[in-house]
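2 protein chains.
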Amino acid sequence: MDKSIWDLERATVVFKLLADRTRLTIMKILEYRECCVCELVEIFQVSQPSISQHLRKLRDAGLVQEEKRGQWTYYALNEESNDFPMVQTILQQLPDQGTKLKAVQQKGGLHCSS
Amino acid sequence: MDKSIWDLERATVVFKLLADRTRLTIMKILEYRECCVCELVEIFQVSQPSISQHLRKLRDAGLVQEEKRGQWTYYALNEESNDFPMVQTILQQLPDQGTKLKAVQQKGGLHCSS
DNA sequence: TAAGTATATAATAATATACTTATATGGAGA
DNA sequence: TCTCCATATAAGTATATTATTATATACTTA
């Protein structure tokens, strides 16, 4: 359990990032497991650049980290972030989004190793 | 303690409202006690209409409730809101802002009964 | 090396946000 | 009633946000 006090200024930054349906869902999915960009593109009804831009915002703020493996880029929650306890506390309250990921896996067609 | 699961869509709405320094601070102040508009105007470095507009957004979303008493309008957290548990969980993590209110009281000059 | 796939970036457009000043409304008291 | 004070609303402006399409980059494999 998170006992820390959140910096108010920092909280507004994090809230702004989470105040978007796509980004908030991405974060909850990443709480379930790390994830390749192509999987996220499949899940949402928006273009690939749009997903990339959302991921960049989350990464610029340090909320997620990227790791390139071969042709693919994987994103994961950044557990080293000072904001991680805040993020975790919030994500824990949200309904599971893992099923979205499973649906994409089921459907097949992606070549990433997830 | 809040055990409820937050609706994801609703969470983005609340985060958007709290993703502003002024509004987030107002909410934390109102957690301390209900408050007259004129007190809030004193606390922040923005114009009175700006405060009114922030309050309206919070009220339109049901996060706060207004009550007119005589010449003054008092705002308080709306504990009846479905979002109140979420709001409360968040506010509890933020640093106290009650001192801002006390500073205004000390300074005097306001005629409201707070 | 050519072609295909995965991802990022650039440019742009539509919309939303948050402030300002000016003005309206409505209660309180002389 | 006239005026003052508290608050809300309107209008305008600057900036931010989020999507799109077009294009660039980089790895992979034939």
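Taken in sequence, the protein lines are chains R and W.
Each residue of the first sequence is one higher than the one before, counting from 0 in numbering that gives the first Met the number 0.
Each residue of the second sequence is one higher than the one before, counting from 0 in numbering that gives the first Met the number 0.
Heads up, the beta-carbon is just placed ideally off N, CA and C, and yes, glycines get one too.
These numbers were taken from a predicted model, which means no experiment stands behind them.
Inset, instruction - To the nearest angstrom, report how far apart Leu93(R) and Leu7(W) are at their CA atoms. - result: By one-based count along the first sequence, residue 93(R) stands at place 94. By one-based count along the second sequence, residue 7(W) stands at place 8. Taking the straight line from one Cα to the other gives about 6 Å.
Inset, instruction - List the residues of chain W that Ile4(R) touches, going by C-beta distances under 8 Å, in chain order. - result: Position 5 of the first sequence, counted from the start, is the residue given in the question as residue 4(R). Simply Gln92, Leu93 and Pro94.
Legend entry - Residues in the segment 8-20 of chain W having any Cβ partner in chain R nearer than 9 Å: Glu8, Ala10, Thr11, Val12, Val13, Phe14, Lys15, Leu16, Leu17, Ala18, Asp19 and Arg20
Legend entry - Per-residue DSSP class, three states only, for Arg68(R): Taking the first sequence and counting its residues from 1, one reaches residue 68(R) at position 69. Of the three classes helix, strand and coil, the one that applies to Arg68(R) here is strand, per DSSP.
Legend entry - Of the residues Arg9(R), Val36(R), Phe43(R) and Ala10(R), the one placed nearest Arg20(R), counting alpha carbons only: Reading the first sequence from its first residue, position 21 is the one you call residue 20(R). Residue Phe43(R) is the option with its Cα nearest to Arg20(R).
Legend entry - Any C-beta of chain W under 9 Å from that of Leu23(R): On the first sequence, position 24 is the one that residue 23(R) refers to. Judged by the 9 Å Cβ criterion, Leu23(R) is in contact with chain W.
Legend entry - is_contact[Ile89(R), chain W] using C-beta, thresh 9 Å: Translated into the one-based positions of the first sequence, residue 89(R) becomes position 90. Taking Cβ atoms only, chain W reaches closer than 9 Å to Ile89(R), which makes this a yes.
Legend entry - Under 9 Å between C-beta atoms of Gln64(R) and Glu79(R): Along the first sequence, one-based indexing puts residue 64(R) at 65. Along the first sequence, one-based indexing puts residue 79(R) at 80. In this structure, Glu79(R) lies closer than 9 Å to Gln64(R) by Cβ.
Legend entry - Continuous alpha helix (DSSP H) stretch holding Asp59(W): start and end: Translated into positions along the second sequence, residue 59(W) becomes position 60. Unbroken alpha helix (DSSP H) run through Asp59(W): Gln47 to Asp59.
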